[in-house]
Amino acid sequence: MVLSMWVQGLIVIGIYMAVVLMIGYWAWRKGVTSLHDFAIAEGSLGIFVLTLTVAATIQSAFVYMGYAGWLYSDGIGAMLDTFSVLSSAVVFWYVGRRLWVLNRRFGYLSLAEFTSNFYQNRYIGDIVLFLSVFFTLPYVGLQLAGAGYVFDVLTEGKIPFAIGALVLLLVIIVYTYLGGIRAVAWTDAFQGVFMFVMFMVGGWWIIKNAFGSIGEAFRQGYLANPALFTLPGPSGSLTMPSYFSGWVVFILGLVFAPHVIIRTLTGKSLDTLKWSSILAGVYMAVMVILVPAYAFGAHAIFPDLAQPDRVFPMLLLKYTSILFASTVLAGALAAMMSTADSQCHAVSTLLAVDFYRKYVKKDASEEELYRITKYSVLIVGVLSYIILLWQPPFLVKLLFMSYGGIALIGPVVIGALYWSRASSTGALTGLIVGLITTALFQYFIPAPLGLRPGFIGVVAESICFVVVSLLTKPVPEEVVRSHQKEINEIIGSRI
95 MVLSMWVQGL IVIGIYMAVV LMIGYWAWRK GVTSLHDFAI AEGSLGIFVL TLTVAATIQS
155 AFVYMGYAGW LYSDGIGAML DTFSVLSSAV VFWYVGRRLW VLNRRFGYLS LAEFTSNFYQ
215 NRYIGDIVLF LSVFFTLPYV GLQLAGAGYV FDVLTEGKIP FAIGALVLLL VIIVYTYLGG
275 IRAVAWTDAF QGVFMFVMFM VGGWWIIKNA FGSIGEAFRQ GYLANPALFT LPGPSGSLTM
335 PSYFSGWVVF ILGLVFAPHV IIRTLTGKSL DTLKWSSILA GVYMAVMVIL VPAYAFGAHA
395 IFPDLAQPDR VFPMLLLKYT SILFASTVLA GALAAMMSTA DSQCHAVSTL LAVDFYRKYV
455 KKDASEEELY RITKYSVLIV GVLSYIILLW QPPFLVKLLF MSYGGIALIG PVVIGALYWS
515 RASSTGALTG LIVGLITTAL FQYFIPAPLG LRPGFIGVVA ESICFVVVSL LTKPVPEEVV
575 RSHQKEINEI IGSRI
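Under the numbering used here, the first residue of the sequence shown carries the number 95, and numbering increases by one thereafter.
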């Protein structure tokens, strides 16, 4: 009996998910049942695993689905993603090295905990917690949406969008619940290698079979739609202000996202963190190098796609065999899983450390917090699936909403790490003004000049933070000394 093509594809993906579950189970058996092991693997990850878990966490559904769709819709301006990941790797190191030292000295597990203690104001930590959780949950939904698209396209609609997303979510919950960051990091390492190879080979095969060469892909794209190669692009949305503001929002949104920033605490040394930052940046930039060619060339094949996010799987299914396409799309699921698992893990840690311990039971033991963190994984998964059922129409719009909100965390954290004149009043005022400004321009007021709402919010926040800090009493000198000056001495001249 010959199996139909879509059944063959599902078998490939099923085998892949089984392998991921086995790796997660193995990692769980290697760990210990404690909050710090569940949250940061006791700071024991080496360069190989840390590099891949950072890179795989950032390379999400957006890379496999949204990025090609964005290039297809908006043209060359969408290539800012490549510059953003390289810049974010630098920021990740310069922010992360200080957080790594602070974790060793004070045991901080989150930015909310750190900012509350530095500014000696619990409300600042509460707002940071709110931003981290509220704007990450839609991002988990984005990963699930990507999985739903993959299953829907691969099975020609036989497995609905919502069911495909649910399958991915259940697999993620199982190994994240069992092993925490250790299981997440080791599955990320496997998935990071797998998705890199599959994405590069898949892109090369599409270009070879559909166009013959990279140059020909660009040529056909130009003939089909010349506006792809100029700003503001075919849709007219990517002006220079939009381009620059999107770059800033991407960097801050990437680095200060809870599932990314927590990885600064997992490296076993500062050297490990430094080299992982560099290598992760290289990984992310190289991985997307072929995408513009087939995304632009797709205009000659699919001139008027109603759902641009599906351009990559549609090209795969048209120009490669079903078994190969299924294997590459398993890599797409790897990209989604390696981000969604990290987000579920990070948010569950925040709920235990910054909400439960702070407002429910202040004297909770580490064992109790460990259990609460595991239960929170289930809660985050359910909430993310509910958000998914809203059916966001376009992945990139949802991504910018998430990054724009999380980017607001950046100024107060950078101030706490580097600026001795920062004040509690300034930080609190800046956060409130930034959040209100972002919400207004995201939902009620058209942003001028095509600027990203998150960028306008960050600028408003930064101005208020600086001005109010200069007019009010700064953080006590002893706090500045322990959190900044002594950290400078420890870090020394490290680049």
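Built from N, CA and C at the ideal position, the CB exists for glycine as well.
Here the structure is a predicted model, which is why all the values come from computation and not from measurement.
I'd like to know whether the C-beta atoms of ALA379 and THR531 end up nearer to each other than 8 Å.
no
Start-to-end residues for the alpha helix (DSSP H) that takes in ASP435
416-444
Could you give the C-beta distance for TRP122 and ALA277, rounded to a whole number, given that I count them as a contact under 8 Å?
5 Å
By how many angstroms is the C-alpha of SER514 removed from the C-alpha of SER478?
39 Å
With 16 other Cβ atoms within 10 Å as the buried cut-off, status of TRP299:
buried
Residues near ALA311 in its chain [Cβ-Cβ closer than 8 Å; skip 5 each side]
ILE301, ALA304, PHE305, ALA387, TYR388, PHE390, GLY391
For my contact list, SER496 and TYR233 are in at a C-beta cut-off of 8 Å; report their separation, rounded to the angstrom.
4 Å
Which residues does DSSP list as the beta-bridge partners of GLY361?
LEU139
Would you check if the distance between the CB atom of VAL527 and the CB atom of ALA501 is smaller than 8 Å?
no
What separation, rounded to the nearest whole angstrom, lies between the Cα atoms of TYR413 and ALA426?
17 Å
Does DSSP put GLU461 in a helix, in a strand, or in coil?
helix
Going by C-alpha to C-alpha distance, which of ILE275, TRP369, ASN215 sits closest to PHE142?
TRP369
Quick one, which of PHE212, ALA424, PHE323, LEU511 has its alpha-carbon nearest VAL244's?
ALA424
Any idea what DSSP makes of LYS456, helix, strand or coil?
coil
Neighbour-count burial assignment, GLN214, 16 or more Cβ in a 10 Å radius
exposed
Using the rule of at least 16 other Cβ atoms within 10 Å of the residue's Cβ for burial, across every protein chain shown, is PHE290 buried or exposed?
buried
Around the Cβ of PRO540, are there at least 16 other Cβ atoms within 10 angstroms (buried) or fewer (exposed)?
exposed
For a quick check, are the C-beta atoms of VAL385 and LEU165 less than 8 Å apart?
yes
Which residue comes first and which comes last in the alpha helix (DSSP H) that contains ILE105?
99-124
Do you know whose CA, among ALA256, GLY340, ALA155, lies nearest GLY548's CA?
GLY340
Quick one: what's got a C-beta closer than 6 Å to GLY171's C-beta in the same chain, skipping five residues either side?
LEU325, GLY327, LEU332, TYR337
Inter-residue CB distance, ILE266 and MET431 (contact presumed, cutoff 8 Å)
6 Å
At what residues does the alpha helix (DSSP H) containing GLU583 begin and finish?
580-585
Note down, in chain order, each residue of its chain lying with its Cβ closer than 8 Å to the Cβ of THR366, except the 5 sequence neighbours on either side.
LEU139, GLY140, ILE141, LEU144
At least three beta-carbon pairs within less than 8 Å, the stretch 342-358 to the stretch 111-131
no
Measure the C-alpha to C-alpha separation of ARG575 and LEU410 and round it to an integer number of angstroms.
56 Å
By alpha-carbon positions, which one of ILE503, SER415, GLN437 ends up nearest to LEU205?
ILE503
If you draw a straight line from the C-alpha of VAL53 to the C-alpha of SER470, how long is it?
The displayed coordinates of the chain run from 95 to 589. Any statement about residue 53 would go beyond what the structure contains.
Within this structure, are the beta carbons of THR467 and ALA133 separated by less than 8 Å?
yes
I believe GLY190 touches THR360 by the beta-carbon criterion, under 8 Å. Please report the beta-carbon distance rounded to the nearest angstrom.
Wrong, their Cβ atoms sit about 10 Å apart, outside the cutoff.
Distance check for HIS393 and GLN314, CA to CA, integer angstroms please.
8 Å
Less than 8 Å between the CB atoms is what I'm expecting for PHE212 and VAL569, so what's the real figure, rounded?
7 Å
Contacts around LEU624, its chain only, beta-carbon distance under 7 Å, and the 5 residues preceding and following it disregarded:
Beyond the ends of the chain as shown, which are 95 and 589, falls residue 624; an answer cannot be given.
Which runs of the beta strand (DSSP E) fall wholly inside the stretch 264-303 and span at least 3 residues, in chain order?
none
Residue closest to ILE416, alpha-carbon to alpha-carbon, out of LYS124, VAL247, ALA183, TRP187:
VAL247
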